[in-house]
Structure formats: structure tokens, C-alpha cells
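In numbering that gives the first Met the number 0, the protein residues as written are 0 to 170. From the three backbone atoms N, C-alpha and C, an ideal C-beta is built for every residue, glycine too. As the structure is a computational prediction, the values presented were derived from the model and not from experiment. These notes concern the structure reproduced below.
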Amino acid sequence: MKYNFLIRLFHLLIAIGVILQFLIGFFFDDLFAKLNGAFFMTIHKSIGLSLAIVVILLIITRLLSKKIPYPKAMSSLHIFLAKIVHFGLYLCVFCMSMTGLIASQLFQSQWQFFYWFNVPILLPQNPELGSEIFSWHPWFAYILLVLVILHIFAALYHKYIAKDDIVKKML
């Protein structure tokens, strides 16, 4: 039994989005700012907002979907750790997106969502608070990177060591 189509689609979209965000975010100052900073920052902010929306949709879809049972061989500790990592992944993606969005709002930074429409500024200008909130943005990125690496190692473990069908359920 596979996860439903929407769960697999949202997982794929989040994976692609997070990889792009890591590339743009971690290499922005050294590479992307020198190429076309405004363009890449707009893309970065647009992907970030999209990821927040997709994570919310994934959580709702998972709550409303039939639960796929874990393999019988998985220990209670293993299941607990899997749930903690998934929760951490969702939380970090959402919080990283929100710290970027809220800071942009407080800086009064006007931008367009994928150059389609202006994202309205809904918060009053407060650069001091914006700087404080934005200071959390890279911390969420680093924690997310660690969780993504754990998630990948877990997938490799399930495929090559446990040889259960968890990875097949997501593909």
C-alpha cells in the first residue's frame, strides 16, 4: 500500500523546494547576489512562501488520509524517532518560511510572488524586530539541514538494511 498521491506529490514538492532553498540560501552572498541578487531573492522568498503553504497542505492531507502502518519489525523507539524527525522537518520548513516572510514584512521589503503579483505588506515597519526575527532564519535552516540528512539516512536504512517497503510507499 502506497501513500496517497497528494502526500507523495507534496513530499516531492517540499524536497525540491528545500534543495533549491538550501542552494540559494547558503550560496546567496558568494554566488547568487553577484549574478542577480534581486532575482534570486525574489525566487527564494517565493519558494519559501510556497513551502509554507505546501507543508500546511501536507499536514492536512496526512491528518485526513488513511494511516499507513509502520512495518511490524520497527521498534517503538524507531517509530517515535521517525515521528519526531517528521514533526521537526515540518516545523523547521514552516518556521524558516515564516521568519523570512515576517522579517520581510517588518523591513517593508516589497517583492512579487514569482513575479506574478505583489505580496502585500501587512505589518507596520519595525526593522529592529525584523532583524531579531530574521536572526532565527539561518538557525532553522541549519536544523532543517540536519533533519534532512537524518531523513535521507533513514530512507537509505529502510531500503538497504531493513529492506522493508517504506521507501516504496513514498514513490
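Test item: CB-CB of residue i and residue j under 7 angstroms
i: F112; j: S45; result: yes
i: G99; j: H136; result: yes
i: A140; j: G24; result: yes
i: L5; j: T41; result: no
i: V118; j: Y89; result: no
i: V84; j: L170; result: no
i: I120; j: Q104; result: yes
i: I171; j: H157; result: Within the shown structure, residues of the chain are numbered from 0 to 170, placing residue 171 beyond reach of any answer.
i: I18; j: C91; result: no
Span separating the alpha-carbon of residue i from that of residue j
i: M95; j: F106; result: 17 angstroms
i: V145; j: K167; result: 23 angstroms
i: N35; j: I67; result: 44 angstroms
i: F38; j: A161; result: 44 angstroms
i: N3; j: L63; result: 11 angstroms
i: L30; j: M0; result: 44 angstroms
i: N125; j: F26; result: 27 angstroms
i: K33; j: P70; result: 49 angstroms
i: V147; j: L56; result: 19 angstroms
i: A154; j: A72; result: 15 angstroms
According to DSSP, residues forming a beta bridge with residue i
i: F112; result: F116
Report task. Answer yes if the region 9-19 comes into contact with the region 46-57, meaning at least three C-beta pairs across the two stretches below 8 angstroms, and no otherwise. Result -> yes
Report task. Mind listing, in chain order, the continuous alpha helix (DSSP H) runs of no fewer than 4 residues lying wholly within the region 30-90? Result -> 32-63
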